[in-house]
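Enquirer: From first to last, the protein sequence lines stand for chains A and B.
Counting in my numbering, the first sequence runs from 1075 upward without gaps.
Counting in my numbering, the second sequence runs from 1203 upward without gaps.
No residue lacks a Cβ here, since even glycine has one placed at the ideal position from N, Cα and C.
No experiment lies behind these values; they were computed from the predicted model shown.
The structure that follows is given in the form of structure tokens.
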Amino acid sequence: MILAGIALASPTPAAVPGAGIFTSPLILSLSIWVPVAVAIGMNFIPNPRGRYDTLMKQIAFFTNLGIVFILFIAYNQFQTFLPGMQFEEKLPWLPSIGATYHLGVDGAGMTMMVLSGIIGITAVLASWGVRERVRSYFCLLLLTQAAVNGAIAAHDMFVLVLFWGAAIIPAALLTLGWGGPRREAATWRLVAYWGLGTAALLIATMTAYAASGGGSFDMDVLLKATLTPRVQLAVGVALIIAAATRLPLFPLHGWVRDVYSDAPLGVSVVIAGSASRLGAFLLLRALVASNADASRLLAPLIAILAALTIGYAALVALRSVDLRSAAAHLAMVPGAITAFGFAALTPLSIAGSVLSLFTGGLAAALIVATAWTLSDRAQTRSLQLLSGLAPRMPILTWVFVIAALGLLGVPLMASFPAETMILFGSFKTQPVGAFAIVAGLVLTAVALAVLVHRVLFGEPNHDAPAVSDASLGETWYLGVMAGALLWVGLFPGGPKLPGTEQPIFDPGLVNVMSAGLSDIASPYVPPNPAATQ
Amino acid sequence: MVLVPLLAFVLAATSVRTRRSAANMAMLGALVTFALSLLVAWGLTRRSTPFQTTYPYLNVPVAFTGPVNFQGFGIDIILRVDRLTSVALLVLEICVIGGIAWHRLMGRSEPGGARFYALVSVLLFGAVATLVSYDLAELFAFWGLAGGATYLLLSHRWGSVESSLGGRIALVLPFAFDLSLLTGIAVLYSHYGVQNIANLVPILHSTPGVGVKSMVAASILLFVGVTGRLGLWPLSLWLTRTATTAPPVASALAQSVWSVVAIVILYRLMPIIAAPNVATLRDLVYASGVAAIAAPLLALFGNEPRRAMVLAGSGVAAIGAALVVHAYEASSTSFAVVGVACVLAAAPARAAATLAVSAIAAAMRTDDLAEMGDGRRRMPTTTAALLLSGLVITLSAAGAISLAVASGSRFGFALGEAVLLVSITAMRVPLAIAIGPLRRRRAFEPDRVREGPNAALGWPFWLVVAGAALAIASFFPAWIGFLDGQKHNAVPANGVALWVGAALVGVVVTVLTYGTNKDGALRLSAWLGIGLGRLLDGGAAAFSRFIAEPIAAIAEHISDWIQQGDGELARAAAASGRLALAAARAPAVPLIVVLAAALAVAVGLLSPGVFR
Chain A
1075 MILAGIALAS PTPAAVPGAG IFTSPLILSL SIWVPVAVAI GMNFIPNPRG RYDTLMKQIA
1135 FFTNLGIVFI LFIAYNQFQT FLPGMQFEEK LPWLPSIGAT YHLGVDGAGM TMMVLSGIIG
1195 ITAVLASWGV RERVRSYFCL LLLTQAAVNG AIAAHDMFVL VLFWGAAIIP AALLTLGWGG
1255 PRREAATWRL VAYWGLGTAA LLIATMTAYA ASGGGSFDMD VLLKATLTPR VQLAVGVALI
1315 IAAATRLPLF PLHGWVRDVY SDAPLGVSVV IAGSASRLGA FLLLRALVAS NADASRLLAP
1375 LIAILAALTI GYAALVALRS VDLRSAAAHL AMVPGAITAF GFAALTPLSI AGSVLSLFTG
1435 GLAAALIVAT AWTLSDRAQT RSLQLLSGLA PRMPILTWVF VIAALGLLGV PLMASFPAET
1495 MILFGSFKTQ PVGAFAIVAG LVLTAVALAV LVHRVLFGEP NHDAPAVSDA SLGETWYLGV
1555 MAGALLWVGL FPGGPKLPGT EQPIFDPGLV NVMSAGLSDI ASPYVPPNPA ATQ
Chain B
1203 MVLVPLLAFV LAATSVRTRR SAANMAMLGA LVTFALSLLV AWGLTRRSTP FQTTYPYLNV
1263 PVAFTGPVNF QGFGIDIILR VDRLTSVALL VLEICVIGGI AWHRLMGRSE PGGARFYALV
1323 SVLLFGAVAT LVSYDLAELF AFWGLAGGAT YLLLSHRWGS VESSLGGRIA LVLPFAFDLS
1383 LLTGIAVLYS HYGVQNIANL VPILHSTPGV GVKSMVAASI LLFVGVTGRL GLWPLSLWLT
1443 RTATTAPPVA SALAQSVWSV VAIVILYRLM PIIAAPNVAT LRDLVYASGV AAIAAPLLAL
1503 FGNEPRRAMV LAGSGVAAIG AALVVHAYEA SSTSFAVVGV ACVLAAAPAR AAATLAVSAI
1563 AAAMRTDDLA EMGDGRRRMP TTTAALLLSG LVITLSAAGA ISLAVASGSR FGFALGEAVL
1623 LVSITAMRVP LAIAIGPLRR RRAFEPDRVR EGPNAALGWP FWLVVAGAAL AIASFFPAWI
1683 GFLDGQKHNA VPANGVALWV GAALVGVVVT VLTYGTNKDG ALRLSAWLGI GLGRLLDGGA
1743 AAFSRFIAEP IAAIAEHISD WIQQGDGELA RAAAASGRLA LAAARAPAVP LIVVLAAALA
1803 VAVGLLSPGV FR
């Protein structure tokens, strides 16, 4: 398939940034199977006593760099005016049950793929300090990334369930094998909650499959099938459970504290940045885009869960005595805002939530990674010991402040347009929920203020262990995430020369993400006031 | 004009390393911005229409059907400069230039010099961009950016517990106000689908489906959001709490820059705020009036000089806000600009007062007026600057009120009280510092108190001069007419005399009180301050004990229960797994017999006729 993808590559015909390099009908497959192939291939490279550990890391790094390059090309070649799926690949797989190997991305999917690419390379950089069983570690990391990419690109529910569940195994093994003191508890919680989500997704899929006549798992068929209201409701509830375990949303968030605290840094970045966003992506793809009646019925439930999540996360972060635990709970906030946008069910709020998939993933990954790095450099996670670190850790201070501002959706951050669109689009349909979200954001600001001022700007604690600022490598992976947040915040529509309309070298994330949005949002368009009078 | 401070920031962040070069870069940026603002202001004198230009920032198509306004979402960068905006730009740039110049000499002991000046450039950029913004989302974006820079400036002193506590409030409270502003804009957008202020105002009452309740909610949210940054009591806590913990220039800029920005934005949004009904406007006028009286009144409780000057300035800001809102309530919208003129006049004086009182407090090593004194002999220049700034703050409101308010009305009476209290508060601090002895204390020698560097002494005076010029100008209808482009009638001399007289009465009362019994007056203030402090501490403790802590504890307990709960579930699952394994190993037939017997016994016992 890789050879076919390379063999079929041809120069890009259209005059777009990235033109003249290449295009391929198998771009999505390359992003999924190249990491798998490299992971398998790495296992055959002898590595006696860790002699080639650096080579393993370099292989993983350049694999991700290649994936980022491929995705960058795809991002630039993406046709922003086409409503349907692009880069489609469809092969018959299990015709007896109607399962096909069907991949494709619309605007939202392309946004998620770009996020996954950035998070992937960041995770590899964040894992550069791994010393034990390096080959196994990076094999499993590549497999996790491949599973996430597969779940994003899947356009067949059977394939989606497979990739959705496949992400659990390498993530759990990484946590168990390379995690912190509480790695066993973290692993079992991850497996239990994500397993519950996978079971719920499987139930939803099979219920819809059976109710639609059992002909096909293809999303174009299965998700557009006419189902009875009761079946729609049951499928919707199961999908919400699946999404809530992955995002996560209160009360199915039990894995968050242990996993983000005790999983290896690279794994935490992948989970917080892209794997957890799959929950919201599932809501968009399988509920909002396909099942308008169930979406409207279940919207209040999603809104309540989102509002509870953001309030709960802020309050627990406020009371936490562990830096990583506080950051873990704060990382739930962007997911809650994204889910709320899907609950508001207006075209604008849905668009904001699609953008929030990208910005929320970056913000969550950044806060988790910064807290992890800071506690590692300060040699303690205890908030009773960490105090007044700013003068001795200026780089981490700036990154932490950027992460905090990114969580809050302050202007100049990419999360600002996303949260603005969600709030602007939700006041008409979910006014109470919108006020609750705003109140939750104020609580989040309180929690962040206490955290930032205690850890960074307070009086230095002379009894605390010695601290050191971020190294060059740590600055790189934190800088990539912070830079992406700032870049999209400054140029959401792509950088343009003054007086011109065409963006240069970046088509603009909001332009790409809006492809196909009109179709998704068409059932939720408010009636024209003149028509109702 | 808008981009110059941003360029200064970028250059400072990327290439500047020393304190002096950072100060020079920030000053250069501020001076160039000032020069360009002067150029724009001169250009406006030669035309009758504002300058305007538009750039697209964000454009997202979201639907192909439905109401046209909601088929896409866009944020445009609309830059519009009219005469009022150009004057406001000049005022805030003067405040920034004075602050930078003063800090270059007096702020050498402050940590993080390069960082400080870079943040001042960001604040200037955000403030300038906010003033020229005519798209609501764009306005909020720059407002938020300026707010972020303000927070970082107010929490500048790393490593200090007090600064850390003040910094938390400087983040949380203004953020809550900013969210209120964003929420108000969101409510408006959700009903109208328009963000351009010029396009929104004409359709406020002609769009079907928009109820009064929504409009009232939007009005109140917008008002709270703007007046929070304006520093109206009780929303001024973020200014009073950081007055002693933040660097003096940070506090000065937070008061002066934000008062200018907020009052101009309030004036710009008034057609929207006034849209629902007169009752809402009346309530807002009452709130402003209460703030105008409460702030200077509370400044008399306690002897902390910086807090007192902040509250005096807050009183003037509240008077300005009340004038703006009252003009719309009374359907005399042409007088709304006098409220803006009042705050513009007070802004440089507030900055000067903050700088002067901070220098005096640092030299006298105390934040208690009861321990200060003899300023006219030991620090004559700075004390004089403080005295003059107090006078300008006092008189800044008089001219505006005389143009807009009938003295015989209840509103006029309330404002008269406010002017009286502001004058008492604003004059109390310089008089307490100027007269009376400066007593020796432990580890403090009064003879060592002296003025700061000569080069720094002039800057508060320049700020006071700017404020005085604006305050005097506000007595002239021609100036008010220049600001809003409308014709205003002259005020009778007795009207002016009445309001100036009210201010002077306060000055005279203060002079007499402090001149005859300064220690007694300060003891009374201290006693009142202790009582107020106990009341506030009690309230805060009660809120923490009965509301905040229980809610946070509930959330924490839920988190622990969930962790324990799924732990128990895991143990139960493991136990059932072990049971299943054991059952698989156990012989099947005897097990089935035992289970059947147990089932039979249970059914037999539960069947009617045995126990029932």
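Let me know if A:Gly1576 comes out buried or exposed under the rule of 16 or more other beta-carbons within 10 Å of its beta-carbon.
Expert: Residue 1576 of chain A is actually Gln in this sequence, not Gly. Per the 10 Å Cβ criterion, exposed.
Enquirer: State the DSSP-derived secondary structure class of A:Leu1234, mapped to helix, strand or coil.
Expert: helix
Enquirer: Would you mind giving the Cβ-Cβ distance between B:Ala1636 and B:Arg1578, rounded to the nearest angstrom? I have them listed as a contact below 8 Å.
Expert: Going by Cβ atoms, the distance from B:Ala1636 to B:Arg1578 rounds to 4 Å, so yes, they are a contact pair.
Enquirer: Around the Cβ of A:Ala1605, are there at least 16 other Cβ atoms within 10 angstroms (buried) or fewer (exposed)?
Expert: Because the pLDDT at A:Ala1605 is just 47, under 50, the model does not fix this residue reliably, and the value given afterwards should be weighed accordingly. So A:Ala1605 counts as exposed.
Enquirer: For A:Leu1463 and B:Ile1495, I'd like the C-alpha separation in whole angstroms.
Expert: 43 Å
Enquirer: Whole angstroms are fine: how far does the CA of A:Pro1109 sit from the CA of A:Gln1219?
Expert: 8 Å
Enquirer: Roughly how many whole angstroms lie between the Cα atoms of A:Ile1133 and B:Val1412?
Expert: 60 Å
Enquirer: Between the Cα of A:Ala1245 and those of A:Leu1275, A:Arg1263, A:Pro1255, spot the shortest distance and give me the residue it belongs to.
Expert: Shortest Cα-Cα distance from A:Ala1245 to any of A:Leu1275, A:Arg1263, A:Pro1255 involves A:Arg1263.
Enquirer: Taking all protein chains shown into account, do 16 or more other C-beta atoms lie within 10 angstroms of the C-beta of B:Ile1794, making it buried, or fewer, making it exposed?
Expert: exposed
Enquirer: Applying the criterion that 16 or more other CB atoms from any shown protein chain within 10 Å of the CB defines a buried residue, is B:Ile1595 buried or exposed?
Expert: buried
Enquirer: Answer yes or no: does any C-beta atom of chain A fall closer than 9 Å to that of B:His1407?
Expert: no
Enquirer: Taking Cβ positions only, does A:Trp1612 come closer than 9 Å to chain B?
Expert: Given a span of 1075 to 1607 for chain A in the structure shown, any question on residue 1612 of chain A remains unanswerable.
Enquirer: Just grab the DSSP bridge partners of B:Val1796 for me.
Expert: BP columns for B:Val1796 are empty, so no partner.
Enquirer: Can you tell which of B:Val1242, B:Ala1331, B:Ile1296 has its C-alpha closest to the C-alpha of B:Ser1288?
Expert: B:Val1242
Enquirer: If you measure beta-carbon to beta-carbon, which residues of the segment 1588-1603 of chain A are closer than 8 Å to chain B?
Expert: Ser1588, Leu1591, Ser1592, Ala1595, Ser1596, Val1599, Pro1600, Pro1601, Asn1602, Pro1603
Enquirer: Hey, out of B:Gly1517, B:Arg1470, B:His1393, B:Leu1356, whose CA is closest to B:Arg1443's CA?
Expert: B:Leu1356
Enquirer: Going along the chain, which unbroken runs of the alpha helix (DSSP H) with 4 or more residues stay wholly within the segment 1378-1438 of chain B?
Expert: 1399-1402, 1414-1432
Enquirer: For A:Val1142, which of A:Gly1191, A:Arg1257, A:Thr1272, A:Asn1150 has the nearest alpha-carbon?
Expert: A:Gly1191
Enquirer: Sorted by chain position, which residues of the same chain lie with C-beta nearer than 7 Å to A:Val1599's C-beta, five sequence neighbours on each side aside?
Expert: Pro1421
Enquirer: For B:Lys1720, does the three-state DSSP call read helix, strand or coil?
Expert: helix
Enquirer: State whether the segment 1496-1510 of chain B contacts the segment 1417-1427 of chain B, with contact taken as three or more CB pairs (one from each stretch) at a distance under 8 Å.
Expert: No, the segment 1496-1510 of chain B does not touch the segment 1417-1427 of chain B.
Enquirer: Once you ignore the five residues that flank A:Ala1538 on each side, which residues in its own chain have a CB closer than 6 Å to its CB?
Expert: Leu1459
Enquirer: Where do the ends of the alpha helix (DSSP H) carrying A:Lys1502 lie?
Expert: Under the DSSP assignment, A:Lys1502 falls outside any alpha helix (DSSP H); it carries neither an H nor an E label.
Enquirer: For A:Ser1394, which residues of its own chain have a beta-carbon under 6 Å away from its beta-carbon, when the five flanking residues on both sides are left out?
Expert: Ala1400
Enquirer: Could you name the residues of chain A that B:Ile1764 contacts, counting a contact when the two beta carbons are closer than 8 Å?
Expert: Pro1325, His1327, Gly1328
Enquirer: Give me the DSSP bridge partner(s) of B:Arg1643.
Expert: Answer by DSSP bridge pairing, in chain order: B:Phe1646.
Enquirer: Does the beta-carbon of A:Trp1020 have 16 or more other beta-carbons within 10 angstroms, so that it is buried, or is it exposed?
Expert: Since the first and last residues shown for chain A are 1075 and 1607, residue 1020 of chain A lies out of range.
Enquirer: Rounded to the nearest angstrom, what separates B:Leu1808 and B:Ala1777 at their Cα positions?
Expert: 29 Å
Enquirer: Apart from the five residues just before and just after B:Val1428, which ones in its own chain have a Cβ nearer than 6 Å to its Cβ?
Expert: Ala1464, Ile1467, Leu1468
Enquirer: Does any C-beta atom of chain B lie closer than 9 Å to the C-beta of A:Ser1500?
Expert: yes
Enquirer: Counting pairs of Cβ atoms below 8 Å between the segment 1514-1534 of chain B and the segment 1623-1635 of chain B, do you hit three or more?
Expert: yes
Enquirer: Should A:Glu1163 be labelled buried (16 or more other beta-carbon atoms within 10 Å of its own) or exposed?
Expert: buried
Enquirer: Distance, Cα to Cα, B:Ala1798 vs A:Met1231?
Expert: 44 Å
Enquirer: Between A:Leu1139 and A:Phe1432, how many whole angstroms is the CB-CB distance? I'm expecting something under 8 Å.
Expert: Not really, about 20 Å apart at Cβ, beyond 8 Å.
Enquirer: For a cutoff of 9 Å on Cβ pairs, would you count B:Tyr1259 as touching chain A?
Expert: yes
Enquirer: If we ignore side chains and look at the alpha-carbon of each, how far apart do A:Ala1228 and A:Met1186 end up?
Expert: 12 Å
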